[in-house]
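Asker:
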């Protein structure tokens, strides 16, 4: 789980918040190695929350991801068969919107978050680190940003990976340069689970095989 170190014969990886500067190396080398470094710098980076997976006694991340509060880029056609997306996005655009808490009869805001620049060093891919980092970042989105939904622009070569982790596609495919993308989303509101990250940190073992279990089982409840 996310609030304790798991013991294993190999190394443990720490999930933690990092600076945007710490993300740039992996963003560049993994995602756009043939482009200038400026290609992976986002205008909104100063407003984001950035996370990394770090080995013991190291500040150099082996995987990175960034979160931004951002509404879904949808239109009436995109969500004709996905009413939840449309409803959630309307709530976000109305200053994050509100939803009734049936147990307390109080209102709480729901944000929509976007994750971007998700990259893992090649030698550490297939070991479950990306899965843990994504789940950790989304757990922070829930507990600190009160997010009810997350979305991303996913490379079509990665959609199967995301689908195994409960994300669903929406909208049409599109291109960024030569790379084909499709948008994907995940509902963060109804996922089971009961544990929050402790001191904004988490430890997971480096395993021999990828852990593709449903992300829902890893996410803590939305904070009230």
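Numbering (this note's numbering), first residue to last: 531 to 754.
Glycine is no exception: its CB is placed at the ideal position from the N, C-alpha and C atoms.
Considering residue 504, what are the terminal residues of the beta strand (DSSP E) in which it resides?
Answerer: In this structure the chain extends from 531 to 754, so residue 504 is not present and cannot be described.
Asker: Since residue 673 is in the alpha helix (DSSP H), which residue starts that stretch and which ends it?
Answerer: Counted from its first residue, the chain shown places residue 673 at position 143. 659 to 675 is the span of the alpha helix (DSSP H), which, as asked, contains residue 673.
Asker: To the nearest angstrom, how far is it from the Cα of residue 531 to the Cα of residue 665?
Answerer: For the purposes of this step, residue 531 is taken as residue 1 along the chain shown, with counting starting at 1. For the purposes of this step, residue 665 is taken as residue 135 along the chain shown, with counting starting at 1. Residue placement at residue 531 is flagged as unreliable, the pLDDT there being 29, under the threshold of 50; the coordinate-derived value follows with that caveat. Cα-Cα distance, rounded: 10 Å.
Asker: May I have the straight-line CA-CA distance separating residue 579 from residue 642, to the nearest angstrom?
Answerer: Here the question's residue 579 lines up with position 49 in the chain shown. Here the question's residue 642 lines up with position 112 in the chain shown. Spanning the two alpha carbons is a distance of roughly 14 Å.
Asker: Please check the pair residue 718 and residue 672, which I expect to be a contact at CB under 8 Å, by giving their CB distance rounded to whole angstroms.
Answerer: Start at 1 with the first residue of the chain shown, and residue 718 comes out as number 188. Start at 1 with the first residue of the chain shown, and residue 672 comes out as number 142. Yes, residue 718 and residue 672 are in contact; Cβ-Cβ is about 5 Å, under 8 Å.
Asker: Measuring CA to CA, which of 697, 587, 564, 553 is closest to residue 596?
Answerer: Along the chain shown, read from residue 1 onward, the residue named residue 596 stands at position 66. Selected option, being the one with the closest Cα: 553.
Asker: Look up residue 655 in the DSSP assignment and say whether it is helix, strand or coil.
Answerer: As a position in the chain shown, residue 655 is number 125, starting the count at 1. In this structure, residue 655 counts as coil in the three-state DSSP scheme.
Asker: Specify the secondary structure class of residue 574 as computed by DSSP and reduced to three states.
Answerer: Start at 1 with the first residue of the chain shown, and residue 574 comes out as number 44. Coil, per DSSP.
Asker: Looking at the secondary structure, which residues open and close the alpha helix (DSSP H) in which residue 686 lies?
Answerer: Position 156 of the chain shown, counted from the first residue, corresponds to residue 686. Careful: residue 686 lies outside any alpha helix (DSSP H) and carries neither H nor E.
Asker: Applying the 10 Å Cβ sphere with the 16-neighbour rule, what's the burial state of residue 530?
Answerer: The question about residue 530 has no answer, for the chain in this structure spans 531 to 754.
Asker: Suppose you measure from the CA of residue 556 to the CA of residue 699; what does that come to, to the nearest Å?
Answerer: Taking the first residue of the chain shown as 1, we reach residue 556 at position 26. Taking the first residue of the chain shown as 1, we reach residue 699 at position 169. Between residue 556 and residue 699, the C-alpha separation is close to 25 Å.
Asker: What are the boundary residues of the beta strand (DSSP E) that includes residue 698?
Answerer: Indexing the chain shown from 1 puts residue 698 at position 168. Run containing residue 698: 698 to 706, per the beta strand (DSSP E) assignment.
Asker: Would you mind sorting residue 589 into buried or exposed? The rule is 16 or more other CB atoms within 10 Å of its CB.
Answerer: If you number the chain shown from 1, residue 589 lands on position 59. Exposed is the call here.
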